[in-house]
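Chemist: Residues in the sequence shown are numbered consecutively from 5, following the working numbering. Virtual Cβ for every residue (Gly too), placed ideally from N, Cα, C. For clarity, every value in this text was computed on a predicted model and none was experimentally measured.
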Amino acid sequence: MSSQGRRSAPLPKGWHRTRGRILKRDGRICQWPLVTGGICGEPANQVDHKIGAAQGVDDHSEANLWALCQWHHDQKTGREASAVAHARPPRARPTEAHPGLLP
Ligand SMILES: [Zn+2]
């Protein structure tokens, strides 16, 4: 067993089913609130604890769970939640073609 990662809290029994329920409840859409209002809206494939082990809380109730996109999940687990600062995932930015790449 490797001790990689900081997620040390064991997932509760029946987590797989709970995870499926949360994804369905949230429409498989990332629920991360944006500072501009609304939510991220990217396709979600992660179920996360709003308040979790990092805050010393061990609450696996559905009210404390939400669907997040991979990007926000990584941001949240990778650093303190406050540092994410309601940022958008990079791919939500409008893409501009590089002038040199135009045909
Ligand atoms: Zn997101």
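(1) If we count the other Cβ atoms within 10 Å of its Cβ and call it buried at 16 or more, is H20 buried or exposed?
(2) Please state the DSSP three-state secondary structure of H64.
(3) Name the two residues that bound the continuous alpha helix (DSSP H) containing W75.
(4) Is any heavy atom in ligand 1 found nearer than 6 Å to the beta carbon of H53?
(5) Closer than 6 Å: is that where the CB of P93 sits relative to any heavy atom of ligand 1?
(6) Look at the alpha carbon of R23 and the alpha carbon of D30, and state the distance between them as a whole number of angstroms.
(7) Would you call the region 56 to 63 and the region 31 to 39 touching, i.e. three or more CB-CB distances under 8 Å?
(8) Less than 7 Å separating the beta-carbons of L15 and A71?
(9) Hey, quick one: how far does the beta strand (DSSP E) through D52 stretch, first residue to last?
(10) Residues near ligand 1, CB to any non-hydrogen atom under 5 Å, in chain order?
Modeler: Here's the rundown:
(1) To locate residue 20, count along the sequence shown from 1; it is residue 16. Result: exposed.
(2) Stepping through the sequence shown from its first residue, residue 64 is reached at position 60. DSSP places H64 in coil when its eight states are reduced to three.
(3) The count along the sequence shown starts at 1 and reaches residue 75 at position 71. In this chain, the alpha helix (DSSP H) harbouring W75 covers 74 to 82.
(4) Residue mapping note: residue 53 aligns to position 49 of the sequence shown, counting from 1. Taking non-hydrogen atoms of ligand 1 into account, the C-beta of H53 is found less than 6 Å away from none of them.
(5) In the sequence shown, counting from the first residue as 1, residue 93 sits at position 89. Under cutoff, so the answer is yes.
(6) Taking the sequence shown and counting its residues from 1, one reaches residue 23 at position 19. Taking the sequence shown and counting its residues from 1, one reaches residue 30 at position 26. Using only the alpha carbons, I get a separation of about 11 Å.
(7) No, the region 56 to 63 does not touch the region 31 to 39.
(8) Position 11 of the sequence shown, counting from 1, holds the residue named residue 15. Position 67 of the sequence shown, counting from 1, holds the residue named residue 71. No, Cβ-Cβ distance for L15 and A71 is not below 7 Å.
(9) Here residue 52 is taken as the residue at index 48 of the sequence shown, counted from 1. 50 to 53 is the span of the beta strand (DSSP E), which, as asked, contains D52.
(10) Residues whose Cβ lies closer than 5 Å to any heavy atom of ligand 1, listed in chain order: C34, W36, C44, E46, C73, H76.
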